[in-house]
Each structure stands twice: as structure tokens, then as C-alpha cells.
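Down below is the structure, laid out as C-alpha cells.
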Amino acid sequence: MTPDKLLFAKTHEWVAVAPDAAGVKIATIGVSAFALEALTDLVHIELPKVGRTVKAGEPFGEIESVKAVSDLYSPVSGEVVAIHDALIDRLETLGSDPYGEGWMVKVRITSDTELKALLDYPTYQKQCAEENH
Amino acid sequence: MRNTRATLPLFEMSHPGRRAALLPVCDVPEVPLDELLPPESVAAEPPHLPELAEPDVVRHFTNLSTLNMSVDTHFYPLGSCTMKYNPKRNERVAAWPGMAELHPYQPDDTVQGMLELLYRLQQMLAEIAGLEAVSLQPAAGAQGEMTALMVAAAYFRDAGQRRTKVLAPDSAHGTNPASAAVAGFQAVTVKSTPQGFVDLSDLRAHLDDQTAVFMITNPNTLGMYDRQIRAIADAVHSAGGLLYLDGANMNAILGISRPGDFGADMMHFNPHKTFSGPHGGGGPGAGPIAVTGRLAAYLPTPLVEHDSGSYRLTFDRPKSIGRVRTFFGQVGVLVRAYCYLRTYGPDGLRRVSENAVLNANYLLSRVKHILPVPQGDRCMHEFVASAAKLKSERGVSAMEIAKRLLDYGFHAPTVYFPTTVREALMIEPTETESKETLDAFAEALFRITEEPAEALRQAPMTTPISRPDEVRAARSPRLSWPDT
Amino acid sequence: MLAAIGAASIDDLFAMIPADCRLDRPLSLPPALTEIELTAHLAELARRNISASQRVCFLGGGSYDHFIPAAVDALASRGEFYTSYTPYQAEASQGNLQVFFEYQSLITRLTGMDVSNASLYDGGSAAAEAVMMSTAATGRRRVVTAASVHPEYRQILTTYLRDLDVELVTVPTPEGTIDAAALAAAVDEHTACVLVQHPNFFGCLEDAKQLGAIAHSAGALFAVSVDPMSLGLLARPDSYGADIVVAEGQSLGNPMAYGGPYLGIIACREAFVRRLPGRIAGETVDRRDQRCWVLTLQTREQHIRREKATSNICTNQGLFALRATIYLALMGPRGMRELGELCLRKAHYAAEKLTAGRRLTRTFDRPVFKEFVVRDRAKGVESLLHDAGEAGFFAGVPLGRWYPELEDCFLVAVTEKRTRAEIDRLATALAAGNLAEPATSHA
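Sequences listed follow chains A, B and C, in order. Residue numbers for the first sequence follow the numbering used here, beginning at 1 and rising by one. Residue numbers for the second sequence follow the numbering used here, beginning at 1 and rising by one. Residue numbers for the third sequence follow the numbering used here, beginning at 1 and rising by one.
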């Protein structure tokens, strides 16, 4: 996946929405390369249980480096249908393929309206450039 | 000379059949175990502990001790930890059988000397705090904070008020918000000014009828006395809240400024810091708390009381929050604190703070020419230098300076705290260091800042190990020796 | 120095303290003492204490007169250990860090748990931390414990849980141990954990396996407070399903010191490692690939996670963890086994001797480890213990303070230090105290 096809939250999570086999909209969520770089030396990730309901703007998990913890905020509301368990033992994947194998959770969403509040890639890049100052 | 064989992990030194401690032959009838215990309650085999001879054990731990820096061996200017000299006299006294071999459930009439000591310590701490009542029970500063917040909760409950929030500045030690959470409060952060003082308008904006307590460290973590302290206390009190003083920095103001006099309703002491501990490689400490009269009834149980010539523990205190720790408290630490206070007396104690502040200001006057000290030219007992300029100009971080100081034979200052100062080095020399030591430290710091950045990235070079891989330790934790 | 600072006087350095915040008089404290005077003063205070080296100590209830080998004191009194601090700079703290790693390793082997932290304050607050771990891990708000758990531990739980919206249920134990049916009735789907003590406060062995099964059948965690001195002999907590083990570590080479400082032991199964409170040391390598140790998993802790930390605890009890490590290294597997057997046999011998007359009887008919409860049928516990004191014994801990129904009972502890002769003399002293008054009974 290339980032220009994705939507971004101001809190640095990305979303890709695609229908599953039954036509239900599934949001795949991860964290941007920009944010991952800032975190450096990741040591642990805490993901929710499948079946949990998440809300847009609220934490769904945590990512830890040696001496910092960051909340992971869900950009969408819905039910968690899959988590990327394998990441826990292969955190380096986050660095090498943040927008592909670095996905964290899949959420079944019921409405598109929350997606409208998210940023496209160029806008998100602008935000990152500002944060760097 | 280092003996690396002796510091192999105990498990690698183990040899089947070796042992150190021998126990007496059983002098009561050797009834078979299965007549005394249900068979399923007995272990099939002893635990897999290492098997060692006493000389091996002694050599192991003696050599391990030499891998530590300590106050007895090095200057240890770890900011906010008050690493002062720990008088040997206190160690000897605390180890006497008449102090150390007392069971906590002995009848009061068999521990009158101990109870008198503890009673007098309660009184001395109350006097130093400028507050009415003291509980010696909390086991550490963090537990003291938590206990005082529980006292506040009980007080407000008794007064029919439901107050849910505890406020603390963003520069506060992490235990403040953590203690608030453990005591059942919502922790709320108040901003500080760039000088590290409380942002009074932000505090006022947060104060309301839900505010139970505002926790403040004064002198603060930059080693600055907050001149607004009375205004802060007035604001907190007029909102119906209580002011808590984190006593981490009491070493600056003993006999000079008393928390109760500047408006604090509760506080904790850190006897392992202020009253010469010692720190014990991370503990034990103690966290006695002092409170104003209206909160006294809620203090933990028991307290020591004195009447008609004898001392006793009082348990009948219906409004008390109960207990936070078993038995009386960290008595061994309290005995040392008592010895310390008796050694110095009123004038000596004031001189402790004067000399702590003199030493810190002197070191500041030297360091400021080497690294910027954003807070200005004056401090109380400690100050915070910043390596931010060095970092942006030459890529040398506070951490690299800290590591290199180890090579020069100095323990590092506290680094990256408080987080409100970039590339912070928090330096607290204490009163027990000589001018020569402070000069040598400043000289080392100067030489380090002149060293090439690439070299500093290799520091430390002379310590028993080079920099450890902390990422590896946290990613795949290995927290004990595998039992194979 | 003042000149370098640019200050006119010491007072000048305190200019940032407003005048109305200053103390305008000397502190009202006793005058300074020289080392000679201080030592004499403390000697005078110490003389007014009667220590366990002057009276034979049969007191227990969480603090015990076990033997402390000389090597423990000698090594722990090295300044490099006791005047150092928390190992923030790993390169300058390898001694402490390796000790903490060894301590954690020894505790996991004693308890059969997967991980241990580097210690907490004491056994009581360790029990409270275990309970808070279990409410966080399960998301449940009910804790079930029993009257046979140390009453002070339960008081600590009450205090800790008071404002945390967690319900604390205490199962009564009139027979001295937990009744399985009573426990099962108290445990439900809202129960975060079942906390028991084994051997319990009365010295009795609980049916730990059955209690653990009851906890687990409701999806609750099983937290057990143990006596580390029993673990050379008694089955390890993993064998009966413990999820979290806590203990008072005072007995492992630490003096009674009128109640502290002590050593809080906490260990758990791997699944809960990120919920453990306090410092943890871990093994890693340095840049030269040399084995070394660091503080690790620090994101659990208050200095990083602040109000969301697993606990507010900051440091551990480093020096006492060191003492426990030295103690266990000296004792070894056979030492701990023999120690357990000695305590067991001497306690049973003492129980038999003390209750051989008409006045004292065993309160609970249950297997015990090193402590047991006796009832004074003459209902004169206070004077009996006082008379035993005059005869040179700390004979036992009266239980009425915590258990009104046990007003006529006291708890006797027997460590490996007690000899048959001491036990016989105690039995004589307790018997002598009551000869004048024949046993009475309201039954």
C-alpha cells in the first residue's frame, strides 16, 4: 500500500477502507511512518481484543519505546474484527512496511461520515512538516 | 583489580553438594513428615537454588559491590535525590539488638525506649514541618503522598464533600499523579512557567469545588523557591481545597521556611534523602507525613502517644484511614533519621540547608560558564543545566555528558528531568561535599564539553560495562535465570 | 565561595524566599549531640527496650525471629551497596542490578512463578498491589479474601480499596481455615481475585489447590500470600494454581526491627508481567556484547506513565532484596528444606508440650507449619503472657485485638532458633502461671 491512497488522523494513524467478501466496510488501521520514526526503538505494542468496540478519537491500544508510551487512537468507530498479533514479536515490520504488513487492527465500520474528518496524504504531510518546526 | 569469576551469576557458580549454612540437628522427635502434613502439601523436591560455599558467596557479593558507584566511593550529584553522606554512627546504633531485635508485637512496656524515640521523632518532624500531627507509617515518599491523599479523601468525606480531583504541576515527579490515581482521584495537570513556577492563572482556572488537593514541590524541581507560594495556598484554600507539599526538596529549607507556615496542610518527608537515609541501592526509605490539626484524626493507625511517663501505641482512632503498611513503619530508617536530627540540633539543621544551598549556588556559578542554566544565576539546593545548545551545535546530548562523567569518577546528575527543560542535567551537590570536589566536578564537566562528539558517543569507557542495549532488554525480557 | 557566586552573604542566597515565608526563630528541637553523646543517648533508649536476645521470642504474625547469618550483615554493610541509589546509570550500578536479577531469579525458583519484580515495601502492601494488578488485569471490581489472611494485610486492602470502587468480601474462617463451600458462594463472575494466605495467619495450611480451583472456575485470579521460609518444604505455589504470589520477606535475613523496614515479595505468571508494579531488572548485552543488566519494562512505572502507571511505587527495597539474595545463596536448596523441617517439627513439638496441661488447648485442629493458636481455658491471656514475660519469654501474640471471638487465644511461632530446652521451659512457665487457678469453662 502506498500512503497516497490512505486517509490520516491528526494523531498519526492511517486508515484504508475496503469492503470484505460480504460487502461490509472494513477499516484497516496502522500508524504513519512519520510517527514511527519519532517513536524510535519500539519495544512493545498493546492491541485490543477482537470483538471490542472502538470509538473514533479514543485509544484502541498503546505503543511503547524504552522510555515512552503513546496511545493509539482509533480514527473510526466500529467493532474490531481482526488484530495483527504477529506484530508483537516482529516490531521491526512497523519500520520496514508501515502501510502494509505494519497494519494493526481491522475495524468493521457502520458509517462513512467519520472518514470525512480525516486528512488526505498531502494535507497530512503538511501537518508533519509543521510539527517538525 | 576486577575478579570476573567471582561475579558470574550465582547459578553459574553453583556446584552440586556445596553449602554454606549448616543447621542444628533436630532436637525434638523426628516425626515422619506425613504424620504432620498432608502429603500433597509437601514439595517433591527442594527449590532449585544455587549451591555455594560461604567463601564463594562472600567473594561474589564483595566483588559485585565494587561495580557500583556510591556516596561512600564517589561524588553523587543526582538531582532531587539528595545523595548526602550517611553517618556511620547511625548505622551502628540502628543495628544494636536493643533496636534491631525487637518484635513489632512486643508489649508496649518492653519497648519504651523505642516508643520514646518514635514519639520524639513525631514531634521533631511536626516542628520542622510547622504542622501539628505526624504519622511515621508510610514506607516511602510515594506511599506518603498516597497516604496523605487518602487522609484528604477521608476528611472531605467526613465533611460531606465529594471532591474528585488532585492537581499537580507538569513539572511534578511522576509519583504525584500516580499517587492521586491510586488514592482514587482524577489527576489533573497544571502548567508551569518557563522558570518552573506554578502558572497561577492556569491553577486558578482549574480550581473548583471538585478540587481536593493541589500538590506542589517547593522548592521545585528546578531548585527554585516559588515566591507565589502564599498566593497559591490562598487560591487553593479559597476553593476549599488542601495544599500538599512534596517534601522531596526539604534539604533546602530546614529551619528556614516551614511548609505549615507558608500554607501547606499536609506534606511528606523523605528521611532517606533529607535526614541521611541511606538510600540502600533503591531503598528502604520512609515517607512520614505531617498534617495540620484538622486532618490529624484521619492519619493512619497506630500513632505513638505519651502520658504519665509512659509511651504507647494508640489503635482506637475511629476516623483513621486505617493502614497502608504492616506494623509500625520503616523503623530502622526512622531510627537513623532520629540520630541525624539529634546530631545536628536546631542550629546545625539550619546550617545543613545553608551549606546545601551554598554548595549548589557555587557549583551553579561554575557550571553556568560551561552549560547554560536557564533558570538564572541563583538556586536553592539544586539547579538544572541544559545541554540543548551543545546538542544542536555539536550533537552532544545530556546523556552523553552524563555517561562521560562516569569515566571522570563522578556519578551522573539526573538527566532528562524535569521534562520542561530540554537536555536537562539536574545537579544537587548536597552540603556534605567540599569545595575541592565541586571544583573538580566543574573541571571535568568543562573538559567533557571540549571533547569531540564522536568520542563522547563511546562513553563511558572505563566502567565495568559499556552502554547496555535497553531495547533488547525490553523487547525480549529476560528477567530471571532459566530453570532448566 | 560567596564571591564566586556574587553573593554578599549566606542570607543573600535565600533572597528568593519571601519574608513572610521565613521562620523568624530557631527550630524548637533538642540541642546537637556529638557522636559520644549521641551513642550514649541511644544506648539509654536501647536499654529501655527488651530485645529478642534478652527474652526467648515465640512471637510471629508476619515478623519472625529467624537466624541471620553473619555474612548477610557483613556484606550488606558494605558502603558500595547501602550508600548507592536506584540504578539509573546502569554502567555505574552493575552490582545492584545483578543482585536484583539474582533476587528475581531466586524468588521465581522459590515460588514457582515466571517473574518477580525487584521487591516492594512489605508483605502487606505487596498483597494490596497484587489485588490492584488483578482488578486491572480482569476489569472486575470485586475481591474475595478470608479472615485467615493477616488482619493487618486486610486493613491495608480496606484502606487501599476504599476510594477505588472495588468491593472487598471477607469469608469468615471459624474453623481456622477457609471452607471451600463458603468461598465458592462468595466468588462470582465479578470477582477479580481470591486472595488467601498459606500457611495462614493462624499458622494453618489452607487447601490451596481447591481454593485455587474455585477462583479459576469463576475466571478470577488466585493470589496467595506465602511464608518464604515454608517454600523449601511446602509445595510451590505454581503447583496449586497461583497466578500471583506475595510474601513478607523479612525472614530472609532481615532483622525484626520493630516492624520495618521489611521486604515485599511479589511474583506472577508470565501473562501478568506488564501489570507488575515497581522496578524490574533484566539481562541484556552492552556494546561489546558483554552480558549485563539494566532496569527494564520501565513504561509500566510512574516516572513514565504517571497517573496511568501500574502503581505509584518508585523505588524498591534494594538493600533488603540484597540481604534476601545473600541469605538464599547461603542457605541453598538443602538449607531451605532443612529449615522448613526444623520449623515444622519444633512447632508441632511446642504445640504438644504447651497443650499437655489442662489450661491451654489447640484452638484449631488443622495441620500447621511453624505457628499455631492456643486457647486459654482460664481466659487470662493477658496475665498469662505477662507472667511468661517475667519468666523470660515473649510467649505469643494475643489475638483479641483483631478477632473478638479469639479473645482468649494467642498465636505462638517457633523458628529454627528455638531449642527443645527453650520450648520445655516455656511450657513450664505457662503451666506455672495457672496452677493456682483451676481451668474454668463456660461450655
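Every residue gets a Cβ at the ideal spot worked out from N, C-alpha and C, and that includes glycine.
{"query": "8 Å Cβ cut-off: residues of chain B touching LEU91/A", "result": "ARG475"}
{"query": "Backbone CA spacing between LEU430/C and ASP307/B [nearest angstrom]", "result": "31 Å"}
{"query": "Three-state secondary structure assigned by DSSP to ALA412/B", "result": "coil"}
{"query": "Residue nearest to PRO418/B in terms of C-alpha spacing, selected from PHE214/B, LYS84/B, THR66/B, GLY223/B", "result": "GLY223/B"}
{"query": "GLY95/A CB to nearest heavy atom of the ligand SAH below 7 Å", "result": "Absent from the structure shown: the ligand SAH. Ligands present: none."}
{"query": "Backbone secondary structure at PRO346/B - three-state DSSP", "result": "helix"}
{"query": "Three-way DSSP call (helix, strand, coil) for PRO72/C in this model", "result": "Note on residue identity: the sequence assigns Val, not Pro, to residue 72/C. Helix at VAL72/C."}
{"query": "Cβ pair VAL421/B, PRO374/B closer than 8 Å", "result": "yes"}
{"query": "Stretch pair the region 342-362 of chain C + the region 415-432 of chain C: three plus CB contacts closer than 8 Å", "result": "yes"}
{"query": "Contact residues within the region 301-314 of chain C, judged by C-beta distance below 7 Å to chain A", "result": "ILE304, ARG305"}
{"query": "Residues of the region 258-291 of chain B whose Cβ lies closer than 7 Å to any Cβ of chain C, in chain order", "result": "ARG258, ASP261, PHE262, PRO278, HIS279, GLY280, GLY281, GLY282, GLY283, PRO284, GLY285"}
{"query": "Pick from ARG457/B, TYR105/B, ARG227/B, ALA337/B that is closest to LEU411/C, judged by C-alpha positions", "result": "TYR105/B"}
{"query": "With 16 other Cβ atoms within 10 Å as the buried cut-off, status of ASP122/C", "result": "buried"}
{"query": "Partner residues on chain D for ALA35/A, Cβ-Cβ distance less than 8 Å", "result": "Looking at the structure shown, chain D is missing, and the protein chains on hand are A, B and C."}
{"query": "Against chain B: residues of the region 80-104 of chain C by CB proximity under 9 Å", "result": "GLU80, PHE81, TYR82, THR83, SER84, TYR85, THR86, PRO87, TYR88, GLN89, ALA90, GLU91, ALA92, SER93, GLN94, GLY95, ASN96, LEU97, GLN98, VAL99, PHE100, PHE101, GLU102, GLN104"}
{"query": "Buried or exposed (CB count within 10 angstroms, at least 16 for buried), MET99/B", "result": "buried"}
{"query": "Nearest neighbour of ALA96/B, chosen from TRP293/C, PHE369/C, TYR258/C, LEU328/C [CA to CA]", "result": "A quick correction: the sequence has Trp, not Ala, at residue 96/B. Checked all of TRP293/C, PHE369/C, TYR258/C, LEU328/C; the closest Cα to TRP96/B is TYR258/C."}
{"query": "Whether ARG366/C touches ALA351/C by CB criterion (8 Å)", "result": "no"}
{"query": "8 Å contact criterion, which ALA427/C and ALA356/C should meet: CB distance rounded", "result": "7 Å"}
{"query": "Any C-beta of chain C under 8 Å from that of VAL305/B", "result": "Going by the sequence as given, residue 305/B is Glu instead of Val. It does not; no Cβ of chain C falls within 8 Å."}
{"query": "For HIS44/A, the residue or residues it bridges with in DSSP", "result": "GLU64/A"}
{"query": "First through last residue of the alpha helix (DSSP H) which encompasses THR135/C", "result": "123-138"}
{"query": "Member of GLN94/C, ALA71/C, GLY260/C, ALA70/C whose CA lies at the smallest distance from the CA of ILE67/B", "result": "It should be noted that the sequence gives Leu, not Ile, for residue 67/B. The residue with the shortest Cα to Cα distance from LEU67/B is GLN94/C."}
{"query": "ALA443/C, DSSP secondary structure in three states", "result": "Here the model assigns ALA443/C a pLDDT of 40, short of 50, so the residue's position is not dependable and the matter cannot be decided."}
{"query": "The region 206-224 of chain B in contact with the region 168-175 of chain B per 3-pair CB rule at 8 Å", "result": "yes"}
{"query": "Any chain B beta carbon closer than 8 Å to HIS527/C", "result": "Because chain C here runs from 1 to 443, residue 527/C falls outside it and cannot be looked at."}
{"query": "Candidates ARG230/B, PRO16/B, ALA453/B, VAL335/B, of which the one nearest LEU52/B by Cα", "result": "PRO16/B"}
{"query": "Whole-angstrom C-beta distance between ALA267/C and SER116/C, which should lie under 8 Å", "result": "4 Å"}
{"query": "DSSP three-state assignment for GLN197/C, whether helix, strand or coil", "result": "strand"}
{"query": "At least 3 beta-carbon pairs within less than 8 Å: the region 152-168 of chain B vs the region 384-398 of chain B", "result": "no"}
{"query": "Residue burial classification, HIS369/B (beta-carbon count within 10 angstroms, cutoff 16)", "result": "exposed"}
{"query": "The region 58-81 of chain A: positions lying closer than 9 Å to chain C by Cβ", "result": "GLU62, GLU64, SER65, VAL66, LYS67, ALA68, VAL69"}
{"query": "CB contact check: VAL111/B to chain C, cutoff 8 Å", "result": "yes"}
{"query": "Sequence-distant residues of the same chain with beta carbon closer than 6 Å to ARG323/C, five excluded per side", "result": "VAL72, ALA76, GLY253, ASN254"}
{"query": "Contact set between the region 47-78 of chain B and chain A, restricted to residues whose Cβ is under 9 Å from the partner", "result": "none"}
{"query": "The beta strand (DSSP E) enclosing PHE320/C, as first and last residue numbers", "result": "PHE320/C -> not in any beta strand (DSSP E); alpha helix (DSSP H) instead, spanning 318-354."}
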